[in-house]
Structure formats: structure tokens, C-alpha cells
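In what follows, a structure is listed as C-alpha cells, so that the remarks can point back to it.
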Amino acid sequence: MSRIIAVTSQKGGVGKTTTAVNLAASFSRLGHRVLIADCDPQGGAGAYGRVKSAAATGMLAAMRGECSPEDIIAPMYDDGRVAGCVIGMGHPSDLLDFETASAKGELGRLITSLAAGFDYILVDTPVGSSTILKAALEKADEMLLVLNCRAAAVKTLPDFVRLAQWIRSDINPALKLAGIAVTMYREGDSSEKKIFDHLRAHLPAGLFLESIIPFDPGLEMAGIRSAPAMMVSSAADSARAYLEMAAEIKKREGELDSGAALDLGDLVAEGMDGRDDDSGEDDEDRVNFRNRRAENILAEMCDRANLAGAVIADRTGLPLAVCGLEARTADIIAAMAPELGKTIEKATVYMDQPNANDISIDLGSGERIVLRAFAIDGVPFYLVGLCPRTADPAGEMLLAATRLTEELA
Ligand SMILES: Nc1ncnc2c1ncn2[C@@H]1O[C@H](COP(=O)(O)OP(=O)(O)O)[C@@H](O)[C@H]1O
Ligand SMILES: [Mg+2]
896 MSRIIAVTSQ KGGVGKTTTA VNLAASFSRL GHRVLIADCD PQGGAGAYGR
946 VKSAAATGML AAMRGECSPE DIIAPMYDDG RVAGCVIGMG HPSDLLDFET
996 ASAKGELGRL ITSLAAGFDY ILVDTPVGSS TILKAALEKA DEMLLVLNCR
1046 AAAVKTLPDF VRLAQWIRSD INPALKLAGI AVTMYREGDS SEKKIFDHLR
1096 AHLPAGLFLE SIIPFDPGLE MAGIRSAPAM MVSSAADSAR AYLEMAAEIK
1146 KREGELDSGA ALDLGDLVAE GMDGRDDDSG EDDEDRVNFR NRRAENILAE
1196 MCDRANLAGA VIADRTGLPL AVCGLEARTA DIIAAMAPEL GKTIEKATVY
1246 MDQPNANDIS IDLGSGERIV LRAFAIDGVP FYLVGLCPRT ADPAGEMLLA
1296 ATRLTEELA
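Per our numbering, the very first residue in the sequence shown carries number 896; after that it's consecutive.
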């Protein structure tokens, strides 16, 4: 019997594609025939291995009836064990066609017809296209939610609950929850631990997979080489963690099939659904999600340097603490931070400026974005402020970055 697992998240950059690719490799290692269907138009999993170049064509062509489903499958790696398929977009308008055909049920039908030849079909889904996500969930057996223990990702949990409820009630009543997979977890980070402990205390038992994927720079290296962790020696820790996660999902399927634990409907009804009711307690809990110390430092810095707002971002571009900015603005500014950070790194080398640590961009609106790189226990972070173009917050930002390095170590 084959199982279709949709790998989903409500936020980008949480490790969804990495999880799809590495679970696929792990299921294969456990002896299963595995297919990855990359349904993300931004090309996530399909960029791994050599699917894109090897597959003659893609899902869209099969959905149009231009080729048979078998024609779109290609081996991902040299050992030929994991197969993959991509959307196959040759023209910008193909995305519209893919969404339209998906909305008509073609994607669900295609995935189901491909499933016959495999034990596991992992579907990498996009963030932001509800048409494709809904189509992918229409025929899925299980839904895996990928989550980081960061405020920005955790805040999307209510959206996930609403989505899951909608799919279950209107689209696919048989959909089960494979679990929530926590990725990029930093063992030593006290705020992440706090968030994780809080979630586990408040959500139904068994919702989280026990295997956790650590934050592992080796995984990033593996990603650059378009290979799963188990093929890259520096990513051995996460390779092991993904193997354990695959084994755990497999074990839970036995429980799911026996009708017992982890029925999504029950979980939603039992736990997360009720969270909106006692909003007083909820608000207090949410405060714990944030790192108050970091936010205090941000607030003082904004005050002294006349900043309109500021955000601390990690190197994946997720906002960890925010002051004075709307969530969307903070998200956008944080997302830019790693790119700006890279520019600083280049300046230190190309321009022989070892002490270069900040960079600023003047916006047309008369505002300026200033970024300062800093590190906590050797891990890079970015402090980004938004201020009037005439302001010069560099000194205050240096002070704040120094405090962050010292007080959060
Ligand atoms: N456990 C991890 N530790 C460190 N980096 C990770 C980890 N998981 C993913 N990454 C990196 O984070 C970035 C985003 O991951 P990705 O899987 O593409 O996210 P998504 O598909 O959710 O957008 C990539 O550069 C990836 O290499
Ligand atoms: Mg992705």
C-alpha cells in the first residue's frame, strides 16, 4: 500500500523542502520505493539531485495529457533509489495553467496515479498558493507540518489549525496528521526551548514527532550540493535525525491505521481549537514566546537612536525579536537580513575591511535601513533598524549589538 504525505508549512524557510528531501532519502534507506513530487513553483525539492535535467518533462505536461505519468519520473541520485518529478514550467503562464488544472482536480488525480509504483510519495508544497496546497491535500493520506520553535513560525499555528479543519471538513475527511516536525532546533537556545516546552505543554500529547531535527550548518552544505544529508559527511547528525523521524512516522502509521491515535479531527477538537477561547491566558503565554530581554534591548536602542523600529533576525531570515514594526514589515526586513549580511562579509574580504560590520540602504520613502551583524556564542545574527534617512543610529546599534552578544550568551 502506498502513502501520500504532503509536507507543509505556513511559513517559508522553516525547512520544508529539506525535510521532504531527507525523509525521502530516509524512507528509501528503510527499504521503501519513494517518489518526491515537487509541487512548489519556486522549485524546492526538484532542485535536488538531477530531476530537473533528467526528467523529460513535468507534471503539467502529464496533466495536459501531453505525455503519460511514467514519462515525468526521473531518478534523483546516482543510486537510483529515490525518484522525483517537477511541475515543469517552460513558460511563465504555465504556473497559471498548473494552478487551474490543479484546482480542477488534475494534480490529485496525477499524484494518485503515480502512487501505485511507490511506497511513499512525499509532496513538497508551496507556501502562499492555496490552490496548489489544497490540491495536494485533496488526495494525501497524511499531512506533515514543519515548524521551527521561533515566534514567527509558531504564530502561524492557528492558521494551520484552520487549514486542517477546512481540509478535513470540506475536502478530504480521510486526511490524517503525520505530526508536527520541529526543525532547525538549537539545543542550547533558551528561548527556543521555552517555546518548545510551552507548545508541548499546551497541545495534545503526541502531536509533535519525538525526533527533532537539530540546527545543522552541514544541512545547509548538503542543500548547496543538492544532496540529502546522508550523502554529505558533515551533515551526519541531521542525517541520523531524519532517519529516526522517518522510522517514527512509519511506526505511527501503524497506530493511525488501527484508528487510534493522531486522528487530526480529534487533535483539533481536543486541543488547539480551544485556544482562542481563553484569550487572557493565551496572551500571557504568547509573551513567553518572545525573548523579552532582546526586546527590551531593542526598545532602548530605538528610543535612544530615534529609530522607527528594529528587528533581530537569524541567518535564515526569521525575525526573533521585534520592536515598533508591524509583523509584515518585520518579516520583510528580517528576510533581507542574511543577504545584506553576506554583502558585509564580502566587503571584509574584497575591500580588505576586516572591521566592516554594518550596512545601510536608503529607501525612496526617505527612510533608511541599517543592519549590523553580531554573534551570540559564535552563531551569526543581524540587528536591523528602520530610521529617517537623516538619522545615524550606527553608534547606538553597536552598543545594542554588544549588549545582545553579552547578555544573551
Ligand atoms: N536543520 C537545519 N539546520 C540548518 N539549516 C537548515 C536546516 N534545515 C534547513 N536549513 C536551511 O534553511 C534554508 C531553508 O530551508 P528549506 O528547506 O528550503 O525551507 P522551506 O522549504 O520551508 O522554504 C535552506 O538554506 C536550508 O539549507
Ligand atoms: Mg521549499
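Just so it is clear, CB atoms sit at the ideal spot from N, CA and C, and this is done for glycine as well. All figures in this text were calculated on a predicted structure; none of them were measured in a lab.
Nonlocal neighbours in the same chain, by C-beta distance under 7 angstroms from residue i, ignoring five residues either side
| i | result |
| --- | --- |
| Ile1254 | Leu1235, Thr1238, Ile1239 and Leu1266 |
| Pro1021 | Cys934, Asp935, Pro936, Gln937, Ile1027 and Leu1028 |
| Arg1120 | Val1127 |
| Asp1054 | Gln905 |
| Arg1095 | Phe1103 |
| Gly908 | Thr1211, Gly1212 and Leu1213 |
| Pro964 | Ala957, Leu1005, Ser1008 and Leu1009 |
| Ala1251 | Ile1239, Ala1242 and Thr1243 |
Local conformation of residue i per DSSP, three classes
| i | result |
| --- | --- |
| Pro1288 | coil |
| Ser963 | coil |
| Lys911 | helix |
| Lys1071 | strand |
| Leu1042 | strand |
| Thr903 | strand |
| Phe1091 | helix |
| Glu1037 | strand |
| Gly941 | helix |
| Ile1016 | strand |
| Lys991 | The sequence given here has Leu at residue 991, not Lys. In this structure, Leu991 counts as helix in the three-state DSSP scheme. |
| Pro1373 | The requested residue 1373 is not part of the displayed model; the chain covers only 896 to 1304. |
| Thr1297 | helix |
| Pro1109 | strand |
Where the alpha helix (DSSP H) through residue i begins and ends
| i | result |
| --- | --- |
| Gly1003 | Glu1001 to Ala1010 |
| Gly1118 | Pro1112 to Ile1119 |
| Val1244 | Ala1222 to Tyr1245 |
| Ile1207 | From DSSP, Ile1207 is part of no alpha helix (DSSP H) but of the beta strand (DSSP E) over Gly1204 to Asp1209. |
| Leu1213 | Taken as a continuous stretch (DSSP letters only), Leu1213 belongs to no alpha helix (DSSP H), as it is neither H nor E. |
| Gln1060 | Leu1052 to Trp1061 |
| Ile1066 | Run containing Ile1066: none; DSSP gives neither H nor E here. |
| Asn1250 | Per DSSP, Asn1250 belongs to no alpha helix (DSSP H) and is neither H nor E. |
| Asn1201 | It is not in any alpha helix (DSSP H) - Asn1201 carries neither H nor E in the DSSP assignment. |
| Ala1130 | Segment: none, Ala1130 is in no alpha helix (DSSP H) and carries neither H nor E. |
| Ala957 | Met954 to Met958 |
Among the options, nearest to residue i - alpha-carbon criterion
| i | options | result |
| --- | --- | --- |
| Met896 | Cys1044, Phe993, Ala1242 and His927 | His927 |
| Gly1012 | Asp989, Thr1020 and Arg976 | Arg976 |
| Lys1050 | Pro1249, Leu1215, Leu1258 and Val1274 | Leu1215 |
| Phe922 | Val1244, Ala1205 and Ile1144 | Ile1144 |
| Gly1259 | Pro1233, Pro1283 and Leu1052 | Pro1283 |
| Ile900 | Glu1148, Asp1084 and Leu991 | Glu1148 |
| Gly1261 | Pro1249, Ala1203 and Cys1218 | Ala1203 |
| Leu1039 | Leu1017, Ala1222 and Asp974 | Leu1017 |
| Glu1087 | Arg1045, Pro1123 and Asn1252 | Arg1045 |
| Ala1230 | Asp1247, Asp1209 and Leu1220 | Asp1209 |
| Leu991 | Ser1024, Ala1122, Asp1198 and Val1077 | Ser1024 |
| Arg1187 | Ala1205, Ala1200, Val1217 and Asp1198 | Val1217 |
Extent of the continuous beta strand (DSSP E) to which residue i belongs
| i | result |
| --- | --- |
| Ser1255 | Asp1253 to Asp1257 |
| Met1079 | Per DSSP, Met1079 belongs to no beta strand (DSSP E) and is neither H nor E. |
| Pro1283 | Val1274 to Pro1283 |
| Ile1271 | Glu1262 to Ile1271 |
| Ile931 | Val929 to Asp933 |
| Ala978 | Val977 to Cys980 |
Nonlocal neighbours in the same chain, by C-beta distance under 8 angstroms from residue i, ignoring five residues either side
| i | result |
| --- | --- |
| Glu852 | Since the first residue shown for the chain is 896 and the last is 1304, residue 852 is missing from the structure and cannot be characterised. |
| Leu1299 | Ala1189, Ile1192, Ile1207, Phe1269, Ile1271, Phe1276 and Leu1278 |
Integer-rounded CB distance, given that residue j should sit under 8 angstroms from residue i
| i | j | result |
| --- | --- | --- |
| Arg1263 | Ala1242 | In fact, because the Cβ distance is near 18 angstroms, the residues do not count as touching under 8 angstroms. |
| Leu1303 | Ala1048 | Not confirmed; about 19 angstroms, so no contact. |
| Tyr943 | Val981 | So it is not a contact: roughly 10 angstroms between Cβ atoms. |
| Arg924 | Leu1138 | 6 angstroms |
| Glu1033 | Asn1067 | 6 angstroms |
| Arg1135 | Phe1110 | Going by Cβ atoms, the distance from Arg1135 to Phe1110 rounds to 15 angstroms, so no, they are not a contact pair. |
| Leu1102 | Ile1075 | 6 angstroms |
| Gly1280 | Met1292 | 6 angstroms |
| Arg898 | Tyr972 | About 21 angstroms separates the two Cβ atoms, so there is no contact after all. |
| Ala940 | Asp989 | At roughly 18 angstroms, the Cβ-Cβ gap does not stay under 8 angstroms, so Ala940 and Asp989 are not in contact. |
| Met1307 | Ala1130 | Because residue 1307 is not part of the residues shown, which for the chain are 896 to 1304, the question remains open. |
Beta-carbon proximity list for residue i, same chain, < 6 angstroms, skipping 5 on both sides
| i | result |
| --- | --- |
| Met1079 | Gly910, Asn1043 and Phe1110 |
| Glu1165 | For Glu1165, the pLDDT reaches just 44, beneath the cut-off of 50, and the residue's location in the model is therefore unreliable, although a value from the coordinates is still provided. These residues qualify, in order along the chain: Pro1099. |
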